[in-house]
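Numbering (my numbering), first residue to last: 47 to 185. Beta carbons: idealized from backbone N, C-alpha and C, even for Gly. Remember, it's a predicted structure, so these values are computed and weren't measured experimentally.
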């Protein structure tokens, strides 16, 4: 009975490690194309060979956050990094981060950071909202 349980658990761990590998590949793709306008679930899953619905459920289960929310939070975090680390105009940062207007960027930024991009820059302290997802394999 123990051998059967060990075999079943081993198969589950192998499947989970394969899923982790797929999530890592997807995160790499997201990071490489973070500011592309056409970065969406279809673009991410096309190279992975999963249906977007299955992959979205798998990503959410393994990271605790939806793909869309992860991309939003990563974009805003990188914008915050640029606000603190550069003197680039807020409009330039907004456009570079995939927002069509400074107003839409400022609204989204305030929703996450509870202050305007200008106020955040004046504070001179970078607080990442979403770091790059790091997933560890099971042994």
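Exposed unless 16 or more other CB atoms sit within 10 angstroms - verdict on residue i
| i | result |
| --- | --- |
| residue 129 | buried |
| residue 121 | buried |
| residue 172 | exposed |
| residue 83 | exposed |
| residue 140 | buried |
Where residue i falls: helix, strand or coil (DSSP)
| i | result |
| --- | --- |
| residue 83 | coil |
| residue 77 | helix |
| residue 158 | helix |
| residue 145 | coil |
| residue 134 | coil |
CA-to-CA distance, residue j to residue i, given in whole angstroms
| i | j | result |
| --- | --- | --- |
| residue 152 | residue 163 | 6 angstroms |
| residue 133 | residue 154 | 20 angstroms |
| residue 115 | residue 159 | 15 angstroms |
| residue 131 | residue 137 | 15 angstroms |
| residue 110 | residue 117 | 13 angstroms |
Reference residue i; option with closest CA among the options
| i | options | result |
| --- | --- | --- |
| residue 119 | 156, 92, 98 and 132 | 156 |
| residue 178 | 167, 63, 64 and 71 | 71 |
Assumed close pair residue i, residue j - CB separation to whole angstroms, cut-off 8 angstroms
| i | j | result |
| --- | --- | --- |
| residue 113 | residue 102 | 6 angstroms |
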